[in-house]
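In the numbering used here, the protein residues as written are 38 to 370. The structure appears right after this line, and notes come after that.
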C-alpha cells in the first residue's frame, strides 16, 4: 500500500486531531490495523487480547498458517510459535479486554529475541522495568503505570509502533517517571533511576524485634532540583533546597503483640560510619491502633548532593535494626 493510499484509508471521521492520529496512519500504512465500514476507527474503544495479538503478529510478521477455527487462531499460534506469547500470559477469556500488564508481556518479548527462547523466564516486575527503560510504555497522567487497566485501540497502535521502531534499531523517548515507578515495584527503591547506583538490598524486608514487627517497605530518593512536587516534608530543605536530596524511608509497624506505642528510634535508626545516628525528619512515635493491623510511618533524611555522593562511594550510609547495620549502597571503593 502506498502512503497516499494509507492516508486515504486512514481518513477516519473520529481521528482528526486525535493524539494518536499519526500512529494510526502509520499502522494503516503497515497494514496491521483497519477502520470500521462506517468510516470510524473508534480510537478509544477497548482492545481484546485476540485483537491485540493480531495487531502485533501482523506488524512483526512471523510465519502464519491459515486454517479453520476462530479468526484469531492463526495469529495466536504464530505468536506462540515465535516465542512472543506464552499461553500462561492470559488466564482469562481471549476475547476479553487486554490489560496493560498483558500487553507488556507481549511487547517486551516482541522487541527482544533473546526473551523469545522457551528456556528464558522473566517475572512481571522485570518485564515492566524493561518496557519502561526501553520507552515501550509510559506512565499515565495520574502518575501511575495502570497495569491492570484496559487498553484502547489508539494506545494499542501507539505501542505496536514503538515495538516496530525498536526492532528497526530506533531509540524511543523514555518516561523517567515510568522507569522510577517500575524500579520501585521491582526493587523497593528508585536508586538506579535517580542516582545511577543500585541499592544494597531489595525491599520490602521484614524484621521481628521481640513483640514488634517492622517492615522496611521502600526507600525513595528525591532530587530537589528535578522533582519539586515530591517534597513531602518541604521544611526540611532550608535555604539549600536546590543542592540537596531527600531519602524517604517508608516503614510499617506490626504492634498487635505489643499493643502499645513504641519509640521508633528504639527499633530503627539511620546511621553513618561508626554507627553514628543521623537526625531524621518525621514522627518519633509509631502509635498502636487497635483497628489496624499495621501502622505506617515515613522518615526522611536531608543530605547535600556532595554528602550523598560520598556515601555512595564509601558505603557509609546504613539503617540499623536490632544492632545490625544494613548498608544502603554497595561500596565503590
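Backbone N, C-alpha and C fix where the C-beta goes; we use that ideal spot for every residue, glycine too.
- If you draw a straight line from the Cα of residue 250 to the Cα of residue 207, it is about 49 Å long.
- Setting aside the 5 residues that flank it on each side, residue 69 is surrounded in the same chain by 92, 95 and 96, each with a C-beta closer than 6 Å to its C-beta; the list follows chain order.
- With respect to residue 218, residue 178 sits apart: the two C-beta atoms are not nearer than 9 Å.
- Judged by beta-carbon spacing, residue 90 lies within the 9 Å limit of residue 122, meaning their Cβ atoms are closer than that value.
- Per DSSP, the beta bridge partners of residue 242 are 253.
- Three or more Cβ pairs drawn from the region 332 to 341 and the region 279 to 298 lie within less than 8 Å of each other, which places the two stretches in contact.
- Under DSSP, residue 362 forms a beta bridge with 357.
- Fully enclosed beta strand (DSSP E) runs of no fewer than 3 residues occupy 305 to 309, 332 to 341 and 355 to 358 of the region 290 to 359, in order along the chain.
- In the assembly as shown, residue 63 is a buried residue. Its beta-carbon has 16 or more other beta-carbons within 10 Å.
- At least 9 Å separates the beta-carbon of residue 182 from that of residue 197.
- Across the structure, residue 289 and residue 113 are spaced so that their CA atoms are roughly 44 Å apart.
- Contact annotation: residue 314 and residue 357 have beta-carbon atoms nearer than 9 Å.
- In terms of Cβ geometry, residue 262 and residue 295 do not form a close pair [threshold 9 Å].
- Rounded to whole angstroms, the gap between the alpha carbons of residue 159 and residue 243 is 25 Å.
- Taking residue 155 as reference, the option from 124, 133 and 184 with the minimal CA-CA separation is 124.
- Here DSSP, grouped into helix, strand and coil, assigns residue 112 to helix.
- Taking each of 99, 52 and 291 in turn and checking the Cα distance to residue 76, the smallest one comes out for 52.
- Residue 86 sits away from residue 49, with the two beta carbons spaced by 9 Å or more.
- Counted as a single uninterrupted DSSP element, the stretch harbouring residue 73 is not any alpha helix (DSSP H), since DSSP gives it neither H nor E.
- In this structure, the straight-line span from the alpha carbon of residue 320 to that of residue 301 is close to 8 Å.
- A direct Cα-Cα distance of roughly 44 Å separates residue 190 from residue 367.
- Residue 143: member of the alpha helix (DSSP H) spanning 137 to 148, first to last residue.
- With fewer than 16 other beta carbons inside 10 angstroms of its own, residue 73 counts as exposed.
- In the structure shown, the three-state DSSP call for residue 59 is helix.
- Rounded to the nearest whole angstrom, the CA to CA distance from residue 350 to residue 260 is 18 Å.
- Boundaries of the alpha helix (DSSP H) harbouring residue 215: 213 to 224, taken from the DSSP string.
- Spanning the alpha carbons of residue 204 and residue 116 requires a straight line of approximately 16 Å.
- Nearest to residue 99 by alpha-carbon distance, out of 184, 111 and 107, is 111.
- Spatial neighbours of residue 322 in its own chain (CB-CB distance under 8 Å, excluding positions within 5 residues in sequence) are listed in chain order as 298, 299, 300 and 301.
- In this structure, residue 163 lies away from residue 229, with their beta-carbon atoms at least 9 Å apart.
- Per DSSP, residue 198 is one residue of the alpha helix (DSSP H) stretching across 190 to 204.
- Checking the DSSP bridge columns, you'll see residue 236 partnered with 366.
- Secondary structure note for residue 162: its alpha helix (DSSP H) is the uninterrupted segment 161 to 171.
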